[in-house]
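Residue numbers (the working numbering), protein chains in the order written: chain A, 6 to 520; chain B, 18 to 518; chain C, 282 to 402.
For reference, the structure discussed in these notes is given below.
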Amino acid sequence: MDEAVKNVLDWNWGAMAPELVILGAATLMTILDLLLPAGRDRRPLAWLGLAGILVAAFLVWRNVQAEPTHILYDMYRVDDFANAFKLVFLAGAAFALLLAVADVGPGGEASSGEKAIRDRGEYFYLLLTGLLGAMMLASAADLIVLFVGLEVLALSSYILVALRRQYLPAVEGAFKYVVNGGIASAITLYGMSFLYGLTGSTNLLAVGEGLRDAYVSGNAYLVYVAFFFLVVGVAFKIAAAPFHMWAPDVYQGAPTPVTAFLAVVSKAAGFALLLRLLLTAFLGLANPLDGSPLLFSELNVYVGAVAAASMIIGNTVALRQTNVKRMMAYSSIAHAGYLLVPFASLTTMVFSQMMFYLVAYLFMTMGAFAVIQLVARDRGSEDLRAFAGLFRRSPLLALAMTLFLLSLAGLPLTAGFIGKFYLFLSAVGREMYALAAIMVLTSVVSFVYYFAVIRQMFLRTGEEGDPGVRVPPTVGTVIALSAAATVLLGLLPDPALDLLAHTFNFSEMFLPLAE
Amino acid sequence: MNGHLLTFLTFSPLVGVLALLFVPRGQTALIRAIGVLATFVPLVLSLVLYARFAPEGGLQFAEKARWFAIPVGEVAFPIEYELGVDGLSLPLVLLTTIVTAVAAVASMHIRQNLKTYFACFLLLEVGMLGVFTSQNLFLFFLFFELTLIPMFFLISKWGYLEREQAALHFLVYNGVGSALLLLAILTLFVRVGDLSFVRVAEALHQAPIPVLSDTAALVLFGLLLVAFGVKLPLFPFHTWMLRVHVQAPPPVVMLHSGIQLKMGAYGLLRMGVGFFPEVAAKLATFLAAWGLVNVLYGAVLALVQRDLKRVFAYSSISHMGIVLLGLAAMNETGFTGAVFQAVSHGFISALLFLLVGVIWERTGTSTVTEMGGLAKSMPVASGMLLAAAMASLGLPGMSGFLSEFLAFLGLFRVQPVLAAVGAVGIVLAAAYLLRAVLRTTFGPTPQPLAGLRDATAAEVTPMLVLLAFIVLLGVWPAVLGDVLHHAVQTLAAALPGRIGG
Amino acid sequence: MIEYINNYVLVSIFVLLGLLLPVAALTLGRFLRPHRPTPEKGKPYESGVEPTGSSWVRYNVRYYLFALLFVIFDVETVFLYPWAVAYNQLGLFALVEVLIFIALLLIGLVYAWKKKVLTWT
């Protein structure tokens, strides 16, 4: 046998076990979906998917404690950076799956009518394939794998958005998403082609080294162009301004569980892409004159501008929204801006800052969307006014929603506050006061629209004698878990901060690994 | 008990919230009883605190526990749970518990959604107590922001016609204020690596190499000034406060005018002067001028208002200007005057707004020109109103006189001209208060207002309590002065260019 | 950097040549050929059939689905061919890999079948 072709079984496939489990679960769900008779309830498939996610989460957790490793000639790395992100993805997908079960269940929005979803098997397993793409993205150590992961995630999302086939906003959103996503993928790919052209390699570590030479040997301009294009691609994925235009329509048109999936998993995947690709490739670049790293002195200004634009546009345009999901879309644009702040003011804390905020964001966003889903299906409307009198009808639900909104607004004693406090630190530490000021002041602007929902819930009266909102157990679980985590991370953030700082060794990302 | 007295004190209203959770909505009498009783617990605890406080002791009842740490690379910056009171915060803690208890009793006219009302009310008390007891910037900020949320609900749910707009204004203005505060706190955290009041002050004053450049210190002081200036409120940042005073229900205005405005004064003294004495001393003239603008602006506008609530609101702006004047004196007397004024105004404005509420309940109006001759039908309430107004305009023997006297005395030593101009404000105060109060209580009675019921015993009791404290401070200032002396001395000692105390 | 620019020079020469050749050929032809237009010669189809109606014809979307399926299996062949040629060197594991590949495609085919893509109504 030829030396170059390594025996398939010689690879350490165990490293990829979580992805294989998810792939297996998705495949199994597909086959079962095909074999089941047309009229049968598809919801058991979701439980299968959930089981797969739990097994995968366990396997990822086991990898956290293990040595970092790579397979397929360093195309695929399993390091703590990847593991941390995978855990977030898995949690997000599990929550989305739970919400989806209720969505097609009895009384669910997608169970009948204009917003009905007939392809229920797809509803569940496409969430899993999207998750698979995100996981590949987090582990990719090669431009090609990175792009494949990105596309697997994107293609799954496109279909998920379009699942409510009879509902025109869904079709509109999905179409906009496909077109915009296609353009963004093309731009990302174009940026990657520059990286390959400059360095002659698709391996990220090799690209990082090659870029350093390319930069000092007179191709600085092309390096900037590559960075520019890659940031455009990332900005699209995380819905950062000025590449955010798709988000409101997509968020509104997609079924609420899918919106939650996009807001959490897809966005987190975008940040995984941002860190993995841009940090490994561009961290080594230094200005030949004074030796200052480019990512700290020049390129970050560009990222900072994107962050500032996102925070300003997201938070101000959200003020004018009356559809709650559109409002949440703008809120998520603003959050993309907040999350870019640690990258713009790069310090060694960047990983724990982003991870902590992503975890906080995962819970508060999932919780908020879970409540939105319940209210929307109860009232048949996603308008702000649907929340009127919620405190009277279902006080617990209203209190939970208030908690999530306060956390999103970054008010104290919630996960969102600690997260934002942590994000600010690096901006102030690096003396980027303008960015910090924009962040705090736009947060204040965000109070207005978050409190608009709160005002509806507490101060407006719904119709007299309305029964309470029925809470299916799956959605109830999501809300309860999210609320508990939001409070816990806000009151006692120490274990989480400690975990991020000490258990996860993010710098493994830059480590060249032996065979 | 002594070890955790402050924790118990600060969080004791939560017991009431918990109890309220288990009471069915219909049981209004029980809910009211729990709500009122729950404010008595911190009241009693704060009196215990006052009794055990050693006037010469500095920071006391200190508690400290590890809370969490922000890891930065290999090191971790601790953020601790630190409580404590000194002479500066103790009077304000007492003010908080007393005014809150009185306001809870005075909430008898609130009838809707009592359960939620008292829950918010008690949460607000936790926030306010926390602001005055925390000894850590992070904790301070936490409580500072925590007051916003229940306050928002209290204004927007139980207020008058334009309550929601008022609440939103309140939220946004104070949000911006606390955003600036957060920026300042973070900068200090990054430079000093600690957030404890004591250690930040130490680091800023005693480090061999200055932690902050002069410009940085100036900017930080400016941030704090604006952040607390919004709360106080100072002249161009005051518009929200007028809306709140007009739109919020009377007991909530009592809390707001009586206590929350003082959070601004406290913050300015504790952080502005405490952390940056050099900058504060440098800007003394500017601060005095700003205070003067407030005094005169508030007084002149109060003179032309037709709504009783707006008269008192503008008078608050004027009186808070005196706090700033006392502060700008940058000496012991001035600081003492500032704190005295804060506490005294807390009682007086609580009493004034309590009376406004009582009058509103009967007449359905607070417009001065629509009222008159109330003294005939409501002699007790009118007498109270007159007494409160007298206290407010600085009648000797009541708390207002002493505090204004001290503040101006402090300022006269350093800025005689500004102080002299400022004294005009006191004359104006007499004019606007007497105009409004006399117009309401004497003169012809308009037809619809004839034969009103006088204040009931339940309404008079809280008034008497407040009046008692106003007189107590006026005739026996040592109750406050003794406690305050040491803290003010420490503050003043840090000022540059001081010879002796 | 110079090398990099040289590449662009080469590319632009190719582009210019590519444009030049057809333009030159057509211009040359125009000068050499006789020019006697008749109405019949102007018609799109010299068979004499007159085209009628709009040229925007709507095709059934199923063509698209068939085309997709076709492309997938076409690509499959492209992969299978080199594997078959090198079968002896690659051995058992490549066989397993190819079987997995075919199995995945089969699932796709079954999916299309179940979703009634293959029926024409």
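Note that beta-carbon positions come from the ideal geometry of N, C-alpha and C, so glycine has one too.
Here the structure is a predicted model, which is why all the values come from computation and not from measurement.
Cα-Cα separation, residue i to residue j
i: L344 of chain B; j: F303 of chain B; result: 11 Å
i: L395 of chain A; j: R475 of chain A; result: 12 Å
i: F382 of chain C; j: W364 of chain C; result: 12 Å
i: P318 of chain C; j: L307 of chain C; result: 17 Å
i: F540 of chain B; j: V308 of chain A; result: No information on residue 540 of chain B is available, as it lies outside the stretch 18 to 518 that chain B covers here.
i: F233 of chain A; j: T447 of chain A; result: 26 Å
i: L203 of chain B; j: R180 of chain B; result: 33 Å
i: Y366 of chain A; j: L279 of chain A; result: 17 Å
i: G439 of chain B; j: V340 of chain B; result: 12 Å
i: R456 of chain B; j: Q464 of chain B; result: 15 Å
i: A405 of chain A; j: A488 of chain A; result: 6 Å
i: N17 of chain A; j: F129 of chain A; result: 30 Å
i: I127 of chain B; j: I51 of chain B; result: 15 Å
i: A349 of chain A; j: S124 of chain B; result: 51 Å
i: N369 of chain C; j: Y78 of chain A; result: 24 Å
i: D471 of chain A; j: S399 of chain A; result: 10 Å
i: W84 of chain B; j: L105 of chain B; result: 25 Å
i: A51 of chain A; j: T261 of chain A; result: 16 Å
i: V496 of chain B; j: A439 of chain A; result: 47 Å
Residue i, buried or exposed, once every other Cβ within 10 Å from all chains shown has been counted against 16
i: Q44 of chain B; result: exposed
i: G518 of chain B; result: Low confidence applies here, because G518 of chain B scores a pLDDT of 37, under 50, leaving its location unreliable and the question unanswered by this model.
i: D211 of chain B; result: buried
i: G275 of chain B; result: buried
i: G74 of chain B; result: exposed
i: N288 of chain C; result: exposed
i: L158 of chain A; result: buried
i: H316 of chain C; result: exposed
Chain C residues whose Cβ lies nearer than 7 Å to that of residue i
i: I570 of chain A; result: Nothing in the structure corresponds to residue 570 of chain A, since chain A is present only between 6 and 520.
i: A39 of chain A; result: The sequence given here has Leu at residue 39 of chain A, not Ala. What L39 of chain A touches in chain C: V391, Y392, K395.
Range of the contiguous alpha helix (DSSP H) that encloses residue i
i: K395 of chain C; result: 368-395
i: H262 of chain B; result: 256-264
i: W493 of chain B; result: Per DSSP, W493 of chain B belongs to no alpha helix (DSSP H) and is neither H nor E.
i: K330 of chain A; result: 329-349
i: P95 of chain B; result: Segment 92-102 is the beta strand (DSSP E) holding P95 of chain B; no alpha helix (DSSP H) there.
i: H362 of chain B; result: 349-380
i: S189 of chain B; result: As written in the sequence, residue 189 of chain B is Val, which differs from the Ser given in the question. Residues 180-209.
Within chain A, the residues that residue i reaches when beta carbons sit closer than 8 Å
i: P227 of chain B; result: Neighbours of P227 of chain B on chain A: none; closest Cβ ~16 Å, over 8 Å.
i: L185 of chain B; result: V453, F456
Residue i Cβ short of 7 Å to the ligand MG heavy atom set
i: L286 of chain B; result: Among the components of this structure there are no ligands whatsoever, and the ligand MG is therefore not found.
Per-residue contacts from residue i into chain A (C-beta, under 7 Å)
i: V89 of chain B; result: M354
Partner residues on chain B for residue i, Cβ-Cβ distance less than 8 Å
i: G372 of chain A; result: Those do not exist, as G372 of chain A stays about 18 Å from chain B at its closest Cβ, beyond 8 Å.
i: L446 of chain A; result: V193, A196
i: P298 of chain A; result: Within chain B, no residue comes near P298 of chain A; the closest Cβ sits about 17 Å away, beyond 8 Å.
Residue i: contacting residues in chain C (beta-carbon distance under 9 Å)
i: L173 of chain A; result: The contacting residues do not exist; L173 of chain A stays about 18 Å from chain C at best.
i: T74 of chain A; result: Chain C residues near T74 of chain A: none, gap ~21 Å exceeds 9 Å.
Chain E contact for residue i (CB, 8 Å cutoff)
i: L77 of chain A; result: Included in the structure are the protein chains A, B and C, with no chain E among them.
Beta strand (DSSP E) segment containing residue i, residue limits
i: A519 of chain B; result: The question about residue 519 of chain B has no answer, for chain B in this structure spans 18 to 518.
i: V269 of chain B; result: Counting along the chain, V269 of chain B falls outside any beta strand (DSSP E), though it belongs to the alpha helix (DSSP H) covering 267-272.
Contacts of residue i in chain B (Cβ-Cβ under 7 Å)
i: R460 of chain A; result: S173, E181
i: F463 of chain A; result: F170, K174
i: V449 of chain A; result: V189, G192, V193, A196
Pull out every residue of the region 189-210 of chain B whose Cβ sits closer than 7 Å to any Cβ of chain A, in chain order.
Answer in chain order: V189, G192, V193, A196, L199, L200, L203, T204, V207.
Residues of the region 389-400 of chain C whose Cβ lies closer than 7 Å to any Cβ of chain A, in chain order
Answer set for the region 389-400 of chain C: V391, Y392, K395.
Residues in the region 152-181 of chain B with C-beta within 9 Å of chain A's C-beta atoms, listed in sequence order?
Closer than 9 Å at the C-beta level to chain A, one finds these residues of the region 152-181 of chain B: F155, F158, L159, F160, F161, E162, L163, L165, I166, F169, F170, S173, K174, R180, E181.
Using a Cβ-Cβ cut-off of less than 9 Å, give me the residues of the region 63-86 of chain B that come near chain A, in sequence order.
Those would be R83, W84, F85, A86, in chain order.
Relative to chain B, which residues along the region 427-443 of chain A have a C-beta separation below 7 Å, given in chain order?
Here the close residues are Y427, F429, L430, V433, G434, A441, A442.
Near-chain C residues of the region 310-321 of chain A - C-beta to any C-beta below 8 Å
Listed in sequence order: no entries.
Cβ-based contacts, 9 Å cut-off: residues of the region 330-359 of chain A near chain B
Residues passing the 9 Å Cβ filter: T352, T353, M354, S357.
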